[in-house]
């Protein structure tokens with residue numbers, strides 16, 4: 001099992017690192033889409049053993065939402081805005097990648113000390129899940145544009161899903177579908193908010209919203 | 001009875017300039033030209049060795065010594081270099097650090113020779129070369145470190161010899177990451193295209209080339225040969241990882257790796273024909289990326 005899913009997990013890690021080091025917003029949106037598709041494949045590979053219908057349903061839904069619908073929504077929010085790149089992030093790109101590596105080392109260490117209620121499909125699954133979650137958090141904190149923060153939120157959610165995959169037959173189907181629906185609504189709302197911020201202020205820098213006073 | 005490892009060193013000494021010829025032929029093929037003969041690098045070196053040299057009055061001792069040390073370090077490095085499963089003539093625990101040190105020594109002496117000319121222009125090239133290698137060396141060290149950690153071997157020969165059983169089979173992603181990091185370092189250290197254009201003679205763009213502008217005649221021949229040896233060392237190391245043919249017979253392993261080395265050179269030529277040079281500010285990002293890939297491989301192998 002580990003032999004089949006390890007390449008996917010490593011690709012997930014590489015996508016995270018690329019997200020940390022990438023400045024083009026279009027590329028970042030595509031990377032998050034790729035991550036969603038990879039997660040779908042991962043869920044399929046891990047779960048197909050014990051309930052094929054459920055696994056196919058969940059993986060299909062997740063791939064459709066994260067690989068097609070979300071990128072469309074985000075690209076649409078991005079389209080009118082005259083920005084192509086995340087300029088002047090709080091933490092630069094090369095330091096971000098290096099910090100990402102430090103986070104990865106940290107998660108490997110933490111998960112080696114973590115006792116799970118049941119064995120994960122691969123020894124990499126838990127560190128990758130934690131690392132993806134941390135990457136998402138980092139993107140939310142260290143980037144300036146609203147759209148990158150939305151992407152960070154998506155990556156964060158991807159990390160939690162990965163963690164769920166590690167222990168998946170514990171969570172009932174309705175919960176997982178509910179999570180997908182929640183994320184869908186969240187991205188929809190955030191897309192509209194980004195759009196409205198841009199309409200009103202001609203930029204989507206969240207730090208400049210701090211000076212707004214009513 | 002000649003052992004395969006000695007022949008490996010001789011093959012490196014003899015075949016090293018051929019790699020440059022292969023790269024040029026592949027580039028010519030991509031561009032639709034017939035290109036220079038495969039053996040052109042040998043002719044260049046032979047021609048330069050026969051010529052006289054011109055020395056600027058500002059140069060000192062180091063100017064002449066630099067290229068010679070560069071070649072000497074390359075030759076010593078070859079004796080540490082395993083060709084696939086066939087062991088290097090010299091192998092001891094920690095020898096990969098010596099190999100990296102020798103490569104650094106060669107670069108250091110070339111840089112000193114460049115600074116010795118007193119030209120601000122060469123100083124600029126030297127500064128760039130050193131800045132890039134400061135980022136490339138950690139990547140190289142991490143990549144080799146991942147190999148050594150995965151195979152639990154102390155010497156480079158043992159690590160490369162066990163690369164199939166101990167790296168590819170248990171953890172294929174780690175092997176791919178190591179190979180990718182090594183490939184990036186190869187392109188950077190040998191001044192190939194995404195980092196430096198070996199054909200350019202435009203003042204502001206060249207890096208390695210600018211350091212050796214003042215060398216002429218035999219000195220320049222030695223610089224070229226030293227560069228070829230360095231390219232051979234990196235390519236053979238990469239081929240040792242990428243071509244994990246370990247059939248037990250050192251001769252067959254070595255031949256497979258030599259063919260792999262030629263393929264690596266051809267791949268380098270293909271990269272060079274299809275890619276543009278990176279902007280100078282992007283270069284550190286790519287090198288850090290290589291270091292991160294190698295570090296990821298270190299974390300992956302157990």
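Residue numbers (my numbering), protein chains in the order written: chain E, 1 to 214; chain U, 1 to 302. The beta carbon of each residue, even a glycine, is placed where N, CA and C say it ideally should be.
CB contact below 8 Å: residue i versus chain U
i             : result
residue 98/E  : yes
residue 38/E  : no
residue 26/E  : no
residue 21/E  : yes
residue 182/E : no
residue 108/E : yes
residue 17/E  : yes
residue 142/E : no
residue 104/E : yes
residue 205/E : no
residue 71/E  : no
residue 291/E : Any property of residue 291/E remains undetermined from this structure, which presents chain E solely from 1 to 214.
residue 89/E  : no
Spatial distance of residue i from residue j (CA atoms)
i             : j             : result
residue 136/U : residue 65/U  : 25 Å
residue 207/U : residue 300/U : 35 Å
residue 167/U : residue 46/E  : 24 Å
residue 180/E : residue 24/E  : 27 Å
residue 190/E : residue 123/E : 35 Å
residue 1/U   : residue 87/U  : With a pLDDT of 43 at residue 1/U, under the threshold of 50, the predicted position of this residue should be treated as unreliable, though the coordinate-derived value follows. The straight-line gap from Cα to Cα measures roughly 16 Å.
residue 98/E  : residue 289/U : 9 Å
residue 144/E : residue 66/E  : 23 Å
residue 215/U : residue 55/U  : 8 Å
residue 42/U  : residue 106/U : 21 Å
residue 194/E : residue 147/E : 7 Å
residue 101/E : residue 17/E  : 8 Å
residue 37/U  : residue 271/U : 20 Å
residue 175/U : residue 122/U : 38 Å
residue 144/U : residue 259/U : 22 Å
residue 69/U  : residue 219/U : 11 Å
residue 292/U : residue 146/U : 12 Å
residue 57/U  : residue 139/U : 39 Å
residue 164/E : residue 185/E : 20 Å
residue 166/E : residue 163/U : 30 Å
residue 14/U  : residue 85/U  : 20 Å
residue 217/U : residue 50/U  : 7 Å
Beta bridge counterpart(s) of residue i as assigned by DSSP
i             : result
residue 265/E : Outside the modelled stretch of chain E, which goes from 1 to 214, sits residue 265/E, for which no answer is possible.
residue 83/U  : 86/U
residue 85/E  : 24/E
Beta carbon proximity, residue i to chain E, threshold 8 Å
i             : result
residue 163/U : no
residue 171/U : yes
Own chain partners of residue i with C-beta closer than 7 Å, once the 5 adjacent residues on each side are dropped
i             : result
residue 89/U  : 5, 6, 9, 79
residue 85/E  : 23, 24, 25
residue 8/E   : 38, 41, 42
residue 130/U : 111
residue 55/E  : 43, 44, 47, 48
residue 129/E : 159, 162, 163, 166
Nonlocal neighbours in the same chain, by C-beta distance under 6 Å from residue i, ignoring five residues either side
i             : result
residue 12/U  : 78, 232
residue 90/E  : 142
residue 71/U  : 222, 225, 226
residue 295/U : 142
residue 59/U  : 116, 117
Contacts around residue i, its chain only, beta-carbon distance under 8 Å, and the 5 residues preceding and following it disregarded
i             : result
residue 137/E : 152, 156
residue 104/U : 133, 137
residue 266/U : 22, 23, 26
residue 94/E  : 21
Legend entry - Under 8 Å (Cβ pairs) to chain E, residues found in the stretch 268-301 of chain U: Under the 8 Å Cβ criterion, the stretch 268-301 of chain U contributes 284, 285, 288, 289, 292, 293, 295, 296, 299, 300.
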